[in-house]
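Trainee: Below you'll find the structure I mean.
Numbering (the UniProt record's numbering), first residue to last: 1 to 210.
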């Protein structure tokens, strides 16, 4: 029988399959070979400083994928005179944390590989590395997501299941994303804070698959 932590990883990777992405491993092998290593090291530094950011980055990835697909829309800021972005919605503001980690990675990668690595892929890598650092397990993250340029707070309510959802509403919400009833049970029981042990004071880096 799969452990709770392993099944939780299946739910994370199922998002990308269910949402129809044509992704592949080693996507940045030639265009930006340092991409995953840069994400890993930046996330490690952030989690050593604040272990709680690990769960926050995982949650951010879920929130991103559930609304408009895994295109980084949760990372976009609101523009003056336009409708508020997803990150301003009460489901995300002020509870979502870790935006500065994604920003730091993006700045580093733009310096070494300008215009190559999407913020959406950075967030997916960061969620994977958070699971690894906090839980001691890792999984492959195929890449190739493109960043979206639309982010609307109004779309959060109709996509992200609220905490007041009953079983029927959760089932319908997950089904719309191509996820099963088992995914609801796993993701509910496998909260990052509940199943992942505390980050040790010194966490060795594990080389990401490339």
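Glycine included, every Cβ here is placed at the ideal spot set by N, Cα and C. None of the values given here were measured: they were computed from a predicted structure.
(1) Give me the Cα-Cα distance between residue 123 and residue 155, rounded to the nearest whole angstrom.
(2) Using a Cβ-Cβ cutoff of less than 6 Å, which residues in the same chain neighbour residue 188 once the five nearest sequence positions on both sides are dropped?
(3) Measure from the alpha carbon of residue 24 to the alpha carbon of each residue in 159, 114, 51 and 146, then state which is nearest.
(4) Can you round the beta-carbon distance between residue 142 and residue 66 to whole angstroms, since I take them to be within the 8 Å contact cut?
(5) Can you tell me which of the three DSSP states residue 46 falls into?
(6) From the DSSP output, in three-state form, read off residue 111 for me.
(7) Please confirm whether residue 134 and residue 98 have their CB atoms less than 8 Å apart.
(8) Taking all protein chains shown into account, do 16 or more other C-beta atoms lie within 10 angstroms of the C-beta of residue 150, making it buried, or fewer, making it exposed?
(9) Would you mind reading off the limits of the alpha helix (DSSP H) that contains residue 153?
(10) State the DSSP-derived secondary structure class of residue 24, mapped to helix, strand or coil.
(11) Apply the 10 Å Cβ neighbour rule to residue 112 and answer buried if 16 or more other Cβ atoms are within range, or exposed otherwise.
(12) Return helix, strand or coil for residue 143, following the three-state DSSP convention.
(13) Counting C-beta neighbours from all protein chains within 10 Å, is the total for residue 166 16 or more, i.e. buried, or is it exposed?
(14) Between the Cα of residue 92 and those of 69, 63, 169 and 110, spot the shortest distance and give me the residue it belongs to.
(15) When the Cα atoms are used, what is the spatial distance from residue 160 to residue 38?
(16) Spatial neighbours of residue 108 within its chain, please: CB distance less than 6 Å, with the 5 preceding and 5 following residues excluded, ordered by chain position.
(17) If you draw a straight line from the C-alpha of residue 190 to the C-alpha of residue 103, how long is it?
(18) Kindly give me the distance between the Cβ atoms of residue 72 and residue 148, rounded to whole angstroms, as I take these residues to be in contact under 8 Å.
(19) Give the DSSP-derived three-state secondary structure of residue 92 in the structure shown.
(20) Check residue 59 in the structure and name its three-state DSSP category.
Mentor: This is what the structure holds:
(1) 20 Å
(2) Reliability fails at residue 188, whose pLDDT of 46 lies under 50, so the model's placement of it is uncertain and the value that follows must be treated cautiously. Around residue 188: no qualifying Cβ.
(3) 146
(4) With a Cβ gap of about 19 Å, residue 142 and residue 66 do not count as contacting.
(5) helix
(6) helix
(7) No, Cβ-Cβ distance for residue 134 and residue 98 is not below 8 Å.
(8) exposed
(9) For residue 153, no alpha helix (DSSP H) encloses it, and the DSSP letter there is neither H nor E.
(10) strand
(11) exposed
(12) strand
(13) By the 10 Å Cβ count, residue 166 comes out exposed.
(14) The candidate whose alpha carbon is nearest that of residue 92 is 63.
(15) 30 Å
(16) 38
(17) The predicted position of residue 190 is uncertain, since its pLDDT is 41 and thus under 50; no value can be drawn from it.
(18) 6 Å
(19) coil
(20) Residue 59 falls in the helix class under three-state DSSP.
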